[in-house]
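Undergrad: Have a look at this one before I ask anything.
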Amino acid sequence: MLVGHPQQPLATRTTVTVPDLKGCSIVAWNEIRWSPFLRNVPDCQRHLFEPHRECDQVEPVKRMVEIDEGMAILPVQSEVASQRLAAVPFANSDHTEPLAVIYRKTRVLSPAMLQFVQFLKQSSELTN
Numbered sequence: 007m008l009v010g011h012p013q014q015p016l017a018t019r020t021t022v023t024v025p026d027l028k029g030c031s032i033v034a035w036n037e038i039r040w041s042p043f044l045r046n047v048p049d050c051q052r053h054l055f056e057p058h059r060e061c062d063q064v065e066p067v068k069r070m071v072e073i074d075e076g077m078a079i080l081p082v083q084s085e086v087a088s089q090r091l092a093a094v095p096f097a098n099s100d101h102t103e104p105l106a107v108i109y110r111k112t113r114v115l116s117p118a119m120l121q122f123v124q125f126l127k128q129s130s131e132l133t134n
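Residue numbers for the sequence shown follow this note's numbering, beginning at 7 and rising by one.
Here you go:
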C-alpha cells in the first residue's frame, strides 16, 4: 500500500499506479531498495521510489508520513484504522510485499506463536 497523510492528494484516491508517484516525496526505511515489491516495477520507473529521507526502522517512517513529510510504502493497519494515515492500494496487483515468519527450528514455539503461524498459513491459502 502507498501510505500518506490523509490530506495528501494521492491518499484520497481509490488506487494508484507507479507513474502517479512522479513528483511525490518518498520516505522509506533502508530495506526498500531490496524489497520484493520493487521487483515488479520496471527499471525505467524505479527512480520514482528514490527516497528523499531514509530511516533504519519502520516506525520513524510512519511518524514522518503522519506529519506529511512524504509518502511511503509501508505495512500499516492500526494507523489507518485510527485515521492517522491513509492507505491506497496500487492498481496493479503484481506489486506486493510477502510476509514471513523467521524462527529457529531448535526452539519450541509458544502457543500464541503457533496460533499466529497457523493464522498466516490459513490467510495465505485464502488469497491464493
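Glycine residues also receive a C-beta, built at the ideal position from the N, C-alpha and C atoms.
As the structure is a prediction and not an experimental result, all values here were calculated from the model.
Please list the terminal residues of the continuous beta strand (DSSP E) segment that includes V86.
TA: For the purposes of this step, residue 86 is identified with residue 80 of the sequence shown, where counting begins at 1. Segment 84 to 87 is the alpha helix (DSSP H) holding V86; no beta strand (DSSP E) there.
Undergrad: What's the gap between the Cα of D74 and the Cα of Q128?
TA: The sequence position of residue 74 within the sequence shown is 68, counting from 1. The sequence position of residue 128 within the sequence shown is 122, counting from 1. Computed Cα separation, rounded: 36 Å.
Undergrad: If you draw a straight line from the C-alpha of W35 to the C-alpha of A78, how long is it?
TA: What you label residue 35 is simply residue 29 of the sequence shown in a count that begins at 1. What you label residue 78 is simply residue 72 of the sequence shown in a count that begins at 1. The straight-line gap from Cα to Cα measures roughly 9 Å.
Undergrad: Which residues in the same chain as Q63 place their Cβ atom closer than 8 Å to its Cβ, once the five residues preceding and following it in sequence are excluded?
TA: The residue given as residue 63 occupies position 57 in the sequence shown. Taken in chain order, the residues that qualify are W35.
Undergrad: Beta-carbon within less than 6 Å of E60's beta-carbon, same chain only, minus the 5 sequence neighbours each way: which residues are those?
TA: In the sequence shown, the residue the question calls residue 60 occupies position 54. So the list reads A34, N36, once near-sequence residues are dropped.
Undergrad: Between K68 and S41, what straight-line distance do the alpha-carbon atoms span, to the nearest angstrom?
TA: Numbered from its first residue, the sequence shown carries residue 68 at position 62. Numbered from its first residue, the sequence shown carries residue 41 at position 35. Going by the C-alpha atoms only, they are around 17 Å apart.
Undergrad: Can you list, in chain order, the residues of its chain whose CB lies under 8 Å from that of F122, leaving out five sequence neighbours each side?
TA: To locate residue 122, count along the sequence shown from 1; it is residue 116. Closer than 8 Å at the Cβ level, and outside the excluded window around F122, lie V107.
Undergrad: Mind checking which residues open and close the beta strand (DSSP E) that includes R177?
TA: Lying before the first or after the last residue shown, residue 177 is absent from the chain, which here runs from 7 to 134.
Undergrad: With the cut-off set at 8 Å, would you say L91 and E72 are in Cβ contact?
TA: Reading the sequence shown from its first residue, position 85 is the one you call residue 91. Reading the sequence shown from its first residue, position 66 is the one you call residue 72. Their beta carbons are under 8 Å apart, which means L91 touches E72 by this criterion.
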